[in-house]
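So the protein lines, in turn, are chains A and B. Residue numbering for the first sequence follows the numbering used here, starting at 553 and increasing by one per position. Residue numbering for the second sequence follows the numbering used here, starting at 17 and increasing by one per position. Here a beta-carbon is modelled for each residue, glycine too, at the ideal position from N, C-alpha and C. All values derive from a computational prediction rather than experimental measurement.
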Amino acid sequence: MTWLGVVSQLLDLAVALLLAPLLSGWINQWRAWLQNKSAPGLLQPYRTLHKLFNKESVIAENASPMFRGAPYIVFGCMALASAIIPTLSTDLPLSPVADAIALVGLFAVARVFISLAAMDVGTAFGTLGARREMLIGFLAEPALLMVLFSASLISKSTSLTTIVETLAHRDLAIYPSLALAGVAFTMVSLAENARVPVDNPATHLELTMIHEALILEYSGRHLALLEWAASLKLFAYSCIGLALFFPWGVAEAEAPLALLLALPALFVKLAIGGALLALLETLSAKMRIFRVPEFLATAFLLAVIGLLVNILLAG
Amino acid sequence: MTELVGQLINLLAAILLMLSFAMISQRRILSLIHLFTAQGAALVAATVLVGYATHQPHLYLSAGITLVLKVLLIPLLLHRVINRLDVRWDVETLINIPMTMIIGIALVIFAFNLALPIAKLSVSVVRGTLGIALACVLLSFMMMITRSKAVPQVIGFLSMENGLFFAATSATYGMPMVVELGIALDVLVGILILGVFMFHIREEFDSLDIRHLEKLKED
Chain A
553 MTWLGVVSQL LDLAVALLLA PLLSGWINQW RAWLQNKSAP GLLQPYRTLH
603 KLFNKESVIA ENASPMFRGA PYIVFGCMAL ASAIIPTLST DLPLSPVADA
653 IALVGLFAVA RVFISLAAMD VGTAFGTLGA RREMLIGFLA EPALLMVLFS
703 ASLISKSTSL TTIVETLAHR DLAIYPSLAL AGVAFTMVSL AENARVPVDN
753 PATHLELTMI HEALILEYSG RHLALLEWAA SLKLFAYSCI GLALFFPWGV
803 AEAEAPLALL LALPALFVKL AIGGALLALL ETLSAKMRIF RVPEFLATAF
853 LLAVIGLLVN ILLAG
Chain B
17 MTELVGQLIN LLAAILLMLS FAMISQRRIL SLIHLFTAQG AALVAATVLV
67 GYATHQPHLY LSAGITLVLK VLLIPLLLHR VINRLDVRWD VETLINIPMT
117 MIIGIALVIF AFNLALPIAK LSVSVVRGTL GIALACVLLS FMMMITRSKA
167 VPQVIGFLSM ENGLFFAATS ATYGMPMVVE LGIALDVLVG ILILGVFMFH
217 IREEFDSLDI RHLEKLKED
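Here's what the structure looks like:
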């Protein structure tokens, strides 16, 4: 481990923590523009976080310590996930800690804890949200794993840094399997991040909400942590997508100066990606909850076909 | 350069397969026609690229025929048919879609296994895509079997023709021109006859559900 590695690791984490709310703000702004509404400021998520952190946290009388602990666990999982995804540099001392499979596991831990916490207080909405979250989660996880395996098959490793290094260094080769995996990944990330075809991030309508139902009982700093964790999750997913499908511009261990270039590259890629996500959300209508398994099954099958195509065309 | 073209063809093959799956999972007839048009467009692009990579000018011609027929004319005819029959937003009832897709993936594995030994014999740039073409054919077959209404069955038939065409292109650089022209005409005539057929089915039973055809006499 070199000092440069430590620096790039810290930078990676800091950028994730600081930029995540900005990405959410950017997407919200585009969503509002595309719907002909006047948009909230770009910094609105930071203001919300600041406001929530200063507020008193109200907790139900019958809440167990689990309820208090869950936001910290969820936030920790998301922060660790963002730390091991190579967003700026592939020289990450933390990355041997967890490979692609463990990364999916990290998201699963966060999901389990937030669902337990939602059921902890015993309100109807919390239980409802937890059930829906688990329904989506158990269908989305295998699809996400298959997407990551498609990329692993190409680079012959499940380590995220190796995947990005191999993919960024190919001499302009097109992998058909990655095209299929890309579509599958888009569908999974829409479901996992509670975006429009599956869940509406802006609604508090009890019949449809999933993510909001989970955190309904939280307030104050706990809510702030959970909101921050949600935007971190979106950021982490965007970065996985960029790392797998558009890995150009990520700095490597041997080229420290490339870090200077990596940050603007990340900015541009996220800005375009965020605008496209908002466009996708505006164009699609929210689907019935019973259609979600079908949606995610399609994602899973596409990812599996990606794997098969990879084997066929390589053979 | 040739390598890049080969990879592009592979990519288009994957897109064809993806569109076949999308058609299987699609309920609405209008979206089905859009998907069919997209599949035709992908097929045209793939044919042009194969023609470019192998210096076979007659493939440009067959790409042209495909463009006129499957991207412009047939979708237009289908749009007119569903407008006249007023089934634009018909939501189909069929055996549940996740199940069809699981069968679909089994078909894909079967087709890939079947094509592997054949592909080893071939020396073509695009030998890998034969399995994908075969999978497209089988998937369209299944679509024809599992759908209960007439229009999706016709679209399944047309999409099967797409798959066959792609198989011919990828395995042997296209069929002889006479055969190709014959097939193109056949498809066109076929769609016209099937269009007339659909109107008759509808007139007779007030519905496009072909299960009514199984009854021999009125009760």
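For residue i: DSSP bridge partner residues
i, result
"A:K589", "BP columns for A:K589 are empty, so no partner."
"B:K165", "B:D225"
"A:R840", "DSSP output for A:R840 lists no bridge partner at all."
"B:A200", "Answer is none; B:A200 lacks a bridge partner."
"A:A803", "A:S641"
Cβ-Cβ separation, residue j to residue i (assumed contact under 8 Å), whole Å
i, j, result
"A:S634", "A:A746", "Actually they are not in contact, since the Cβ atoms of A:S634 and A:A746 sit about 18 Å apart, beyond 8 Å."
"A:T710", "A:I653", "6 Å"
"B:L229", "B:V203", "Actually they are not in contact, since the Cβ atoms of B:L229 and B:V203 sit about 23 Å apart, beyond 8 Å."
"B:L93", "B:G172", "Incorrect: roughly 16 Å between the Cβ atoms, too far for contact."
"A:I688", "A:V844", "6 Å"
"B:M193", "B:H74", "6 Å"
"A:T713", "A:P638", "5 Å"
"B:P114", "A:A736", "That belief does not hold up - the Cβ atoms of B:P114 and A:A736 are roughly 15 Å apart, past 8 Å."
Closer than 7 Å at the beta carbon, the chain B residues around residue i
i, result
"A:A849", "P114, M117"
"A:P728", "N26, L27, A29, A30"
"A:V735", "M34"
Nonlocal neighbours in the same chain, by C-beta distance under 8 Å from residue i, ignoring five residues either side
i, result
"B:I249", "It is not possible to answer for residue 249 of chain B, since the shown part of chain B is limited to 17 through 235."
"A:K821", "L794, F798, G801"
"B:M117", "F37, I40, S41"
"A:L575", "S783, L786, F787, S790, L822, G826"
"B:L197", "I81"
Within chain A, partners of residue i - CB distance below 7 Å
i, result
"B:I111", "Chain A residues near B:I111: none, gap ~13 Å exceeds 7 Å."
"B:I125", "L860"
"B:F128", "L860, L864"
"B:Q23", "A725, I726"
"B:G144", "L864, L865"
Within chain A, the residues that residue i reaches when beta carbons sit closer than 8 Å
i, result
"B:G179", "Those within 8 Å of B:G179 in chain A number zero; the least Cβ separation is about 15 Å."
"B:F37", "T850, L853, L854, I857"
Which listed residue (the options) has its alpha carbon closest to that of residue i
i, options, result
"B:A200", "B:V84, B:G211, B:M39", "B:V84"
"A:A851", "B:N26, B:M34, B:T18", "B:M34"
"A:A823", "A:S790, A:K838, A:L853, A:A837", "A:S790"
"B:P91", "B:L46, B:G144, B:Q42, B:Q169", "B:L46"
"B:Q283", "B:A29, B:L27, B:M39", "The question about residue 283 of chain B has no answer here: the residues shown for chain B are numbered 17 through 235."
"B:I148", "B:T185, B:R96, B:V195, B:F213", "B:T185"
"B:Q23", "B:A69, B:Q55, B:H50, B:K231", "B:A69"
"A:P728", "A:L859, A:T554, A:E613", "A:L859"
"A:P753", "A:L759, A:E764, A:E744", "A:E764"
"B:A62", "B:A131, B:L48, B:H50, B:G80", "B:G80"
"A:A866", "B:L51, B:V21, B:R96, B:L132", "B:L132"
"B:M259", "B:P73, B:V21, B:G120", "One cannot answer for residue 259 of chain B here, as it falls past the ends of chain B, which runs 17 to 235."
"B:V195", "B:L208, B:I209, B:L180", "B:L180"
"B:T82", "B:L65, B:V66, B:F215, B:G56", "B:G56"
"A:D564", "A:Y624, A:P645, A:L604", "A:P645"
"B:R100", "B:Y76, B:K231, B:K233, B:L224", "B:L224"
"A:Y624", "A:A676, A:L835, A:L778", "A:L778"
"B:S78", "B:V64, B:L88, B:L89, B:V87", "B:V64"
"B:L150", "B:I217, B:N178, B:E219", "B:N178"
"A:V938", "A:L700, A:F627, A:S590, A:L640", "Residue numbering for chain A in the displayed model covers 553 to 867; residue 938 of chain A lies beyond these limits and cannot be assessed."
"B:A187", "B:K165, B:A166, B:K136", "B:K136"
"B:I111", "B:L154, B:F126, B:M176, B:R43", "B:R43"
"B:L155", "B:A127, B:K231, B:I207, B:L89", "B:A127"
Cross-chain neighbours of residue i in chain B, by beta carbon under 9 Å
i, result
"A:E846", "S41, N112, I113, P114, M117"
Proximal chain B residues relative to residue i, where beta-carbon distance stays under 8 Å
i, result
"A:A731", "L27, A30, I31, M34"
Closer than 9 Å at the beta carbon, the chain A residues around residue i
i, result
"B:I121", "L853, V856, I857, L860"
"B:I148", "P728, V861, L864, L865"
Close-in-space but distant-in-sequence residues of the same chain around residue i (CB under 7 Å, 5 per side omitted)
i, result
"A:A830", "I579, W582, R583, L586"
"A:A612", "V673, E769"
"A:E833", "R583, R747, V748"
"A:A669", "M618, F619, A622"
"A:L571", "F787"
"A:S702", "S729, L730, A733, A855, G858, L859, N862"
"B:L130", "L150"
"A:E693", "V656, A660"
"A:A814", "L640, S641, G801, V802, A803"
"B:F157", "M176"
"B:L48", "M39, Q42, P168, I171"
Near the ligand GDP: residue i beta-carbon under 7 Å from a heavy atom
i, result
"B:A127", "Here there are no bound small molecules, and the ligand GDP is not part of this structure."
Proximal residues to residue i (C-beta, below 6 Å), its chain only, five neighbours per side dropped
i, result
"B:R104", "L46, I98"
"A:I636", "L646, S647, A650"
"A:L696", "V656, V740"
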